[in-house]
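Residue numbers (my numbering): 19 to 334.
Written out below as structure tokens is the structure these notes cover.
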């Protein structure tokens with residue numbers, strides 16, 4: 019029996035580039051929106067409002083577009099797992115981490131998601147083995163993380179170091195969600211899957227926020243806080259998910275993974291403009307190493323002597 023040809027990368031059309039740029043913009047700005055909201059809103063309340071707003075916006079879209087869906091206990095369990103690992107835990111960790119580090123730095127560390135995804139998939143699934151190119155990419159990625167954090171981060175364990183570690187833990191959660199999400203298909207349209215995931219997240223986070231933070235004092239909030247929360251619910255959650263799934267359909271997962279590289283520069287620029295954030299040379303050097311590692315894993319940068327191009331499902 020002849021061996022099946024290796025999958026090829028789909029071409030990036032003008033529509034795909036527009037979608038890719040919009041997603042990078044939406045998710046890049048979300049780090050600044052988180053920092054803005056944290057001036058008035060506690061972490062649990064911020065996450066509850068974000069997942070609740072995103073779920074509401076997506077269900078309005080699903081009903082208006084008349085997208086069919088069905089619900090089963092298995093589907094609900096998948097939504098629950100994805101909601102916890104893709105929203106509840108990582109968004110809480112990122113929000114807490116941003117209490118102690120710059121939003122641009124958080125976005126750079128978040129780019130390590132694809133590195134952890136490759137490692138986890140190689141450990142758990144025989145058809146996603148660790149190739150030499152992936153190993154080189156992973157080592158470059160980890161070198162980037164160490165460069166950003168600094169070698170003394172684990173020794174000092176001050177609030178800055180803990181904030182960085184919180185972002186890394188969030189990236190590991192994303193890796194679990196991304197890895198298992200590809201193997202537990204729900205049979206639902208992607209818009210419904212996103213809405214279901216955010217709905218289950220809301221059912222978890224809203225009671226937790228009320229129990230931990232109490233009822234929000236909306237009257238005391240700055241107008242910018244409402245803008246940031248509205249941005250999170252409508253733009254960086256609902257609209258970004260819709261654009262991302264459209265990008266997957268028109269350009270494929272390999273091309274969609276480019277968004278991982280584009281989010282951090284957007285966040286760094288927005289953080290500098292809105293909050294006057296400055297990053298160190300080590301932060302930028304670490305991002306370059308992370309980006310190079312992701313490009314090697316994705317196959318866009320080939321190792322000497324390699325003729326085949328290896329693709330992976332990176333995460334944005």
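Glycine included, every Cβ here is placed at the ideal spot set by N, Cα and C.
The model shown is predicted, which means the values in this text are computed figures rather than measured ones.
Own chain, CB closer than 7 Å to residue i, minus 5 neighbours either side, in chain order
i           : result
residue 319 : 310, 313
residue 120 : 289, 295, 297
residue 85  : 207, 209, 210
residue 160 : 133
residue 154 : 314, 321
For residue j and residue i, the rounded distance between their alpha carbons
i           : j           : result
residue 61  : residue 108 : 12 Å
residue 190 : residue 112 : 12 Å
residue 81  : residue 176 : 48 Å
residue 147 : residue 197 : 13 Å
residue 122 : residue 248 : 21 Å
residue 143 : residue 137 : 10 Å
residue 70  : residue 251 : 7 Å
residue 240 : residue 50  : 15 Å
residue 277 : residue 230 : 34 Å
residue 156 : residue 260 : 29 Å
residue 26  : residue 266 : For residue 26, the pLDDT reaches just 48, beneath the cut-off of 50, and the residue's location in the model is therefore unreliable, leaving the point undetermined.
residue 77  : residue 245 : 21 Å
residue 291 : residue 53  : 13 Å
residue 228 : residue 234 : 8 Å
residue 98  : residue 90  : 12 Å
residue 130 : residue 110 : 17 Å
residue 179 : residue 186 : 11 Å
residue 79  : residue 263 : 14 Å
residue 22  : residue 304 : Caution is warranted here: a pLDDT of 41 is assigned to residue 22, below 50, making its placement in the model unreliable, and the coordinate value is therefore given only provisionally. If I take the Cα positions, the gap works out to 38 Å.
residue 39  : residue 145 : 31 Å
residue 279 : residue 293 : 22 Å
residue 300 : residue 213 : 38 Å
residue 287 : residue 128 : 16 Å
Candidates the options, of which the one nearest residue i by Cα
i           : options           : result
residue 132 : 205, 244, 308     : 308
residue 165 : 322, 317, 302     : 302
residue 225 : 53, 33, 64        : 64
residue 48  : 88, 243, 168, 194 : 243
residue 140 : 193, 96, 89       : 193
residue 236 : 306, 286, 58      : 58
residue 126 : 162, 270, 104     : 162
residue 283 : 41, 234, 73       : 41
residue 55  : 238, 316, 270     : 238
residue 253 : 52, 72, 53, 39    : 72
residue 158 : 99, 134, 292, 145 : 134
residue 188 : 221, 124, 99, 212 : 124
residue 217 : 145, 178, 94, 199 : 94
Neighbourhood of residue i by C-beta distance below 6 Å, restricted to the same chain and skipping five residues each side
i           : result
residue 114 : 61, 184
residue 206 : 87
residue 306 : none
residue 83  : none
Other residues of its chain near residue i: CB distance less than 8 Å, five sequence neighbours each side excluded
i           : result
residue 36  : none
residue 257 : 44, 75
residue 33  : 268
residue 221 : none
Nearest-angstrom beta carbon gap, residue j and residue i [assumed within contact, 8 Å]
i           : j           : result
residue 117 : residue 168 : At roughly 19 Å, the Cβ-Cβ gap does not stay under 8 Å, so residue 117 and residue 168 are not in contact.
residue 223 : residue 66  : 4 Å
residue 103 : residue 273 : With 8 Å as the limit, residue 103 and residue 273 do not qualify as a contact, their Cβ atoms being about 24 Å apart.
residue 8   : residue 105 : Nothing in the structure corresponds to residue 8, since the chain is present only between 19 and 334.
residue 46  : residue 281 : 5 Å
residue 321 : residue 151 : 5 Å
residue 68  : residue 255 : 6 Å
residue 232 : residue 100 : Residue 232 to residue 100, Cβ: 28 Å. No contact.
Residue i CB to nearest heavy atom of the ligand ATP below 7 Å
i           : result
residue 216 : In the structure shown, the ligand ATP is absent, as is every other ligand, since no ligand is present at all.
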